[in-house]
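In the numbering used here, the protein residues as written are 4 to 210.
Ideal Cβ positions, reconstructed from N, Cα and C, are used throughout, including at glycine.
Since the structure is predicted, the reported quantities are computational estimates derived from the model, not experimental observations.
Take a look at the structure below.
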């Protein structure tokens, strides 16, 4: 059964990747594409909400493409408020809509963005007394980051304190672009599974 999906991306450096991903997902007969590219710069907050609610109303998953220009949200430097379509798209994806629950979300990142998102570290785990080599996540100004490592303790997959399962211990997991492209159904299914178990996560819906 096809999943209705919304793809969120930064136009400046993500439009070609978005088209590539959509083509791949349609070729594998996995999704019905609900994405768009309407100029919302002159819309009011209420109009944006109504527009996105309608666009996202019957979708089940949001795919966020994280390119270098999509890592940190843009702000209105006069008001200090976020003024970014990517922020609007993701926060409304995380709200329940009439007749539908919140979306599952998977964030796919490019090789060019990786160094700004994470770094490799090796530490001694006090719980199992073993060294773990893992990806440590940088702080970045994005709702994706706010919804990582946010599983409730009772549902945590990785038993070690301070370490998190990359697929299930974050409501929004970071996945390499090429990994997602080679096996999209796997990551979509995990995101939908977490959507069904969303009460297991402390979900942040706005910043």
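CA-to-CA, the gap between residue 172 and residue 192 works out to about 15 Å.
A residue is called buried when at least 16 other Cβ atoms come within 10 angstroms of its Cβ; residue 62 meets this threshold and is buried. Secondary structure at residue 9: strand, using DSSP grouped into helix, strand and coil. Rounded to whole angstroms, residue 94 and residue 209 show a C-alpha spacing of 6 Å.
Contact between residue 67 and residue 38 is absent: CB atoms are separated by about 11 Å, not below the 8 Å threshold.
Shortest Cα-Cα distance from residue 147 to any of 52, 207, 18 and 83 involves 207. Closest by C-alpha distance to residue 136, out of 175, 83, 184 and 122, is 122. Looking at the backbone, the Cα of residue 120 and that of residue 142 are separated by about 7 Å. Under DSSP, residue 177 shares a beta bridge with 110.
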